[in-house]
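Protein chains in written order, with this note's numbering: chain B, 1 to 114; chain E, 115 to 345. Cβ atoms here follow ideal geometry from the backbone N, Cα and C, with glycine treated the same way.
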């Protein structure tokens with residue numbers, strides 16, 4: 001189950017023991033249950049957002065690296081797929097400024113409507 | 115060199131570093147020649163799909179951050195009453211577990227595909243499709259409940275900010291469409307597996323490529339679950 005031990009059988013590509021998938025499956029179940037608990041126990045504020053994002057990123061990481069075999073892909077493909085989405089952070093930042101502006105425009109000039 | 119042999123070579127290679135990346139990218143038009151072409155194409159499609167879903171989620175963020183009315187409490191909206199007690203968000207939690215289970219069976223189907231185990235591959239793919247269909251069914255139930263019982267519309271709802279309905283139907287609708295397409299794709303590939311098509315061509319990559327798509331659908335749900343339902 002060690003990542004570096006993957007090319008065990010050279011005549012069969014992407015060959016890993018089934019146990020690896022069952023293990024990741026179990027991890028995903030536990031992580032999902034934990035993120036449900038975040039809502040169930042009504043955590044609020046920064047704790048809630050921190051937990052939601054952390055659990056989300058852990059789940060996404062497991063799915064991409066193990067289930068989608070990204071951990072064993074060639075590095076040039078890994079970079080080609082994982083780097084472009086970082087541009088989205090810029091979009092999110094821009095739209096946060098925008099929504100802040102729209103919110104205060106509505107609140108101040110449109111009686112909370114608009 | 116056949117795709118299969120290239121893959122073997124790829125796996126024989128030791129750890130790669132940036133000089134390998136540079137070498138691949140300076141390889142004129144054949145940057146990804148070490149990887150199965152179908153897999154590369156699927157990855158590039160998924161990259162574009164990532165941007166589509168990210169635009170929806172960013173639009174949702176923008177609408178929610180600029181709404182002056184309070185955002186509906188998703189824990190209450192998506193609660194189900196089981197045995198007289200309202201349990202918050204329970205349907206969504208079950209849908210999450212169903213989709214994760216489908217990802218698990220799919221990952222194993224890919225594994226058995228590379229072991230040339232025709233029956234187990236097909237059986238696990240059909241199980242995946244069944245989980246996927248269950249997910250879509252539960253989503254249909256959720257939409258019905260929201261539309262007819264709670265009175266949620268894309269332009270208004272009785273709980274608060276009218277933008278809620280627009281984001282909900284757009285995001286979950288587009289995701290549901292992806293799941294539906296995935297189920298169809300899985301059924302097609304599974305029937306080809308069962309008929310021995312990939313044994314004749316000697317290349318089971320189609321199973322892995324369908325798997326990539328399916329895991330992506332699960333991946334998108336992880337983000338929707340976090341940002342739309344839990345936030």
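Judged by DSSP in its simplified three-state form, residue 194 of chain E adopts strand. Selection B:96, B:16, B:22 evaluated against residue 215 of chain E yields B:22 as nearest (Cα-Cα). With respect to residue 209 of chain E, residue 252 of chain E sits close: the two C-beta atoms are nearer than 8 Å. Taking 8 Å as the cut-off, the beta carbon of residue 326 of chain E is found closer than this to the beta carbon of residue 153 of chain E. By a beta-carbon distance limit of 8 Å, residue 227 of chain E contacts residue 318 of chain E. Their separation comes to about 4 Å.
By DSSP's assignment, residue 199 of chain E forms a beta bridge with E:196.
The beta carbon of residue 235 of chain E is closer than 7 Å to those of 223, 226, 227, 307, 321 in its chain, skipping five residues each way along the sequence. Listed by position along chain B, the residues whose Cβ is nearer than 9 Å to that of residue 152 of chain E form an empty set, because the closest Cβ is around 13 Å away.
The count of Cβ pairs closer than 8 Å, one atom from the stretch 330-345 of chain E and one from the stretch 159-173 of chain E, reaches three, so the stretches are in contact. Residue contact check for residue 185 of chain E against chain B: no CB pair falls below 8 Å. A Cβ-Cβ contact shorter than 8 Å links residue 186 of chain E with residue 275 of chain E.
Per DSSP, reduced to three states, the secondary structure at residue 329 of chain E is helical. In this structure, the CA atom of residue 58 of chain B is about 12 Å from the CA atom of residue 29 of chain B. At a Cβ-Cβ threshold of 8 Å, residue 24 of chain B and residue 62 of chain B count as neighbours. If the five residues before and after residue 17 of chain B are omitted, its C-beta is found closer than 6 Å to no C-beta atom of its own chain. Using a Cβ-Cβ cut-off of 8 Å, residue 103 of chain B counts as an interface residue toward chain E, since at least one Cβ of chain E sits closer than that to its own.
As for any beta strand (DSSP E) of minimum length 3 sitting wholly inside the stretch 258-293 of chain E, there is none. For residue 261 of chain E and residue 49 of chain B, the gap between their C-alpha atoms comes out near 29 Å. Taking CB atoms only, residue 106 of chain B has a neighbour in chain E less than 8 Å away.
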